[in-house]
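Trainee: Residue numbers (my numbering), protein chains in the order written: chain X, 296 to 546; chain U, 10 to 308. Note that the Cβ used here is the ideal one computed from N, Cα and C, for glycine as well.
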């Protein structure tokens, strides 16, 4: 347990020591989105009846911050350690595969949740957001951040260079988050795009999370949590298998 | 008692390249063992397999009796490795890095030992300095300290003195020798053969992924009987038959001649006398590890 706890603590310290870049910067980015989109679209869009667009946007932005930062933490930490060679400090000790995985996973989830909470808290200065079912919101945030943290571990193991990781981030993660209904309800999309959206696991994370605030969503929160949790377990098993095999870590 | 390190028919290929071609080796507990060979001979690959950083294509390695793949946790607990590359984590100070490293090995409250290791390696004054701000030599010391936080019975140093100043080199060897006296097994790779000769009880020489010599340092030195005579003469010319012997001209004009045994010294002297050549300076030396190494690598 000490091994796991230490690696978790190290990962936690790593992002806390550069919190301006890892926490404050993404909170500010989300607030800018909120200001710009809310200002330009508030008068024109009503996604859910009785819900102002600005309020609709807040949970989406908070969840996007959770997901992107969970992914960024595990992937960049692993990739940087591999690039600088200091990955040996965690490969030489007797950490079990599970300890290794859980430490990177939980630290990344922690960063995602801290940034998400920051975005939410900061938004409350500008917007009133209802909080109908906090448990639903919390469950989706936790499991969703787990999915992205595990995906980050995979991307970090896979990438040997910065551009490989940024390709992963820009061509997979970013399109999936943007096309998941952060800024809109998928019901406003043409039927073909609606169908595509249903294959995007991030859509369920955002949708289920938003249900926690407004008590209404595009699909049932039970469906969302089932899909997100299944994705989490499938990705975790894949990641553990990769770590056990030594793929791209122990050549 | 299990061997400190047991390497059994290890093969390792990277693509089509055979980095290690069937290495078997037994290092007993308490030994000071040297692993020598030119660049690319496979020393670091072998160390990486022992440390679990690389997986062998086939074969088994055990550290203190623990298989490095099957019982990787017990094997890694028994091993401390100082890597060749000068790596560090730029987020932490020296003390933080050592505390974190202790934690990875499951050790809490390791302060007393961390202080002691830092003291031995002259790191105490830098304890709260960020790793980024340290010189290369200081970073090297931290790497040594990190390998020792869990007091491993077996310590592997992969070229720890590459690019390190004389003072640290001497301090490091004093410390490592003391660890060996305290019962730790030491495995060392180095390009400084005089260091290996002075420190190692037994030596393996690697060439192209194979062991080409494995013996006690003394036996390796004895293998090459004979001696060398270095002399300066007046007039400066070698007489008859000796002129055609394998003779090296050193800087400053001295001759260095390889002799089969001490008896040949006598005949060399006689030849010089007969040719009315005076000896101005003379030294007889035994072959050192460097000569042995060069001959083994040539054969």
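Just to confirm before moving on: does the CB-CB distance between residue 196(U) and residue 156(U) stay below 8 Å?
Mentor: Taking 8 Å as the Cβ cut-off, residue 196(U) and residue 156(U) do not qualify as a contacting pair.
Trainee: Can you check whether the C-beta of residue 98(U) is within less than 8 Å of a C-beta belonging to chain X?
Mentor: Cβ-Cβ to chain X under 8 Å: yes for residue 98(U).
Trainee: Would you call residue 399(X) buried or exposed, if buried means 16 or more other Cβ atoms sit within 10 Å of its Cβ?
Mentor: The residue is buried, with at least 16 neighbouring Cβ atoms inside 10 Å.
Trainee: Which first and last residues belong to the beta strand (DSSP E) in which residue 163(U) is found?
Mentor: Residue 163(U) -> beta strand (DSSP E) spans 163 to 167.
Trainee: So, helix, strand or coil for residue 27(U), using DSSP?
Mentor: Residue 27(U): strand per DSSP, three-state reduction.
Trainee: For residue 384(X), decide whether its Cβ has a neighbour in chain U, counting only Cβ atoms nearer than 8 Å.
Mentor: Closer than 8 Å to some Cβ of chain U, the Cβ of residue 384(X) qualifies, so yes.
Trainee: Less than 8 Å between the beta carbons of residue 131(U) and residue 205(U), yes or no?
Mentor: No, the Cβ-Cβ distance between residue 131(U) and residue 205(U) is not below 8 Å.
Trainee: Would you be able to state if there are at least three C-beta pairs under 8 Å between the segment 354 to 370 of chain X and the segment 315 to 330 of chain X?
Mentor: As far as the Cβ criterion goes, the segment 315 to 330 of chain X touches the segment 354 to 370 of chain X, which means the pair count is three or higher.
Trainee: Checking contacts by CB at 8 Å: is residue 379(X) closer than that to chain U?
Mentor: For residue 379(X), the answer is yes, since a Cβ of chain U falls inside 8 Å of its Cβ.
Trainee: Could you round the C-beta distance between residue 533(X) and residue 443(X) to whole angstroms and report it? I think they count as a contact, below 8 Å.
Mentor: Contact doesn't hold; Cβ gap of about 14 Å is too wide.
Trainee: Kindly examine the ligand ZN and report whether one of its heavy atoms sits closer than 7 Å to the Cβ of residue 150(U).
Mentor: You won't find the ligand ZN in this model; it holds no ligand whatsoever.
Trainee: Note down the Cα distance separating residue 247(X) from residue 447(X), rounded to an integer number of angstroms.
Mentor: Here chain X has residues from 296 to 546 only, and residue 247(X) is not among them.
Trainee: Do the CB positions of residue 537(X) and residue 452(X) come within less than 8 Å of each other?
Mentor: Contact: yes.
Trainee: Beta-carbon within less than 7 Å of residue 114(U)'s beta-carbon, same chain only, minus the 5 sequence neighbours each way: which residues are those?
Mentor: Same-chain partners within the cutoff: 86, 158 and 159.
Trainee: Tell me the rounded alpha-carbon separation between residue 344(X) and residue 438(X).
Mentor: Each residue's alpha carbon lies about 28 Å from the other.
Trainee: Please list the residues of the segment 388 to 406 of chain X that have a C-beta atom closer than 8 Å to any C-beta atom in chain U, keeping them in chain order.
Mentor: Of all residues in the segment 388 to 406 of chain X, 388, 389, 390 and 391 have a Cβ within less than 8 Å of some Cβ in chain U.
Trainee: Between which two residues does the alpha helix (DSSP H) holding residue 432(X) run?
Mentor: Residue 432(X) -> alpha helix (DSSP H) spans 429 to 453.
Trainee: Run through chain U and tell me which residues come within less than 8 Å of residue 541(X), C-beta to C-beta.
Mentor: The answer, in chain order, is 64.
Trainee: Could you give the residue range of the beta strand (DSSP E) that holds residue 304(X)?
Mentor: Residue 304(X) -> not in any beta strand (DSSP E); alpha helix (DSSP H) instead, spanning 297 to 312.
Trainee: Ignore the nearest five residues each way along the sequence and tell me which others in residue 375(X)'s own chain have a CB closer than 6 Å to its CB.
Mentor: There are no such residues.
Trainee: In terms of residue numbering, what span does the beta strand (DSSP E) encompassing residue 479(X) cover?
Mentor: From DSSP, residue 479(X) is part of no beta strand (DSSP E); its letter is neither H nor E.
Trainee: What alpha helix (DSSP H) runs, 4 residues minimum, are completely inside the segment 368 to 432 of chain X?
Mentor: Taking only runs of at least 4 residues, the alpha helix (DSSP H) segments lying wholly in the segment 368 to 432 of chain X are 383 to 386 and 392 to 418.
Trainee: Compute the Euclidean distance between the alpha carbons of residue 384(X) and residue 461(X), then round it to the nearest angstrom.
Mentor: The straight-line gap from Cα to Cα measures roughly 25 Å.
Trainee: What number of angstroms, rounded off, separates the C-alpha of residue 177(U) from the C-alpha of residue 117(U)?
Mentor: So the two alpha carbons sit approximately 29 Å from each other.
Trainee: Can the beta-carbon of residue 14(U) be found closer than 8 Å to that of residue 59(U)?
Mentor: Contact flag set, yes.
Trainee: In chain order, what residues of the segment 425 to 439 of chain X put their CB closer than 9 Å to some CB of chain U?
Mentor: Result list empty, no residue passes.
Trainee: Who are the near neighbours of residue 77(U) in its chain, counting only those whose CB is closer than 6 Å to its CB and skipping five residues on each side?
Mentor: Only 61, 70 and 84 meet the Cβ criterion.
Trainee: Grab the span of the alpha helix (DSSP H) containing residue 229(U) for me, first residue to last.
Mentor: First-last of the alpha helix (DSSP H) with residue 229(U): 226 to 232.
Trainee: Since residue 187(U) is in the alpha helix (DSSP H), which residue starts that stretch and which ends it?
Mentor: Looking at the DSSP string, the run of the alpha helix (DSSP H) that includes residue 187(U) is 175 to 190.
Trainee: Considering only the beta carbon of each residue, do residue 274(U) and residue 281(U) sit closer than 8 Å?
Mentor: No, these two residues do not count as a Cβ contact at 8 Å.
Trainee: Could you tell me whether any Cβ in chain U is nearer than 8 Å to the Cβ of residue 557(X)?
Mentor: With chain X covering 296 to 546 only, the question about residue 557(X) has no answer from this structure.
Trainee: Taking residue 94(U) as the query, report the chain X residues whose CB atoms sit under 7 Å from its CB, ordered along the chain.
Mentor: Near residue 94(U) (Cβ distances below 7 Å), the residues of chain X are 380.
Trainee: I'd like to check one pair, residue 489(X) with residue 481(X): are the Cβ atoms closer than 8 Å?
Mentor: Yes. Within cutoff.
Trainee: Give the C-beta separation of residue 226(U) and residue 211(U) to the nearest angstrom, bearing in mind that I take them to be a contact with Cβ-Cβ under 8 Å.
Mentor: Going by Cβ atoms, the distance from residue 226(U) to residue 211(U) rounds to 7 Å, so yes, they are a contact pair.
Trainee: For chain X, find out if any of its Cβ atoms is closer than 8 Å to the Cβ of residue 109(U); answer yes or no.
Mentor: Yes, its Cβ sits closer than 8 Å to a Cβ of chain X.
Trainee: Give the residues from the segment 148 to 165 of chain U that approach chain X closer than 9 Å (Cβ to any Cβ), ordered along the chain.
Mentor: Cβ contacts with chain X: 155, 156 and 159.
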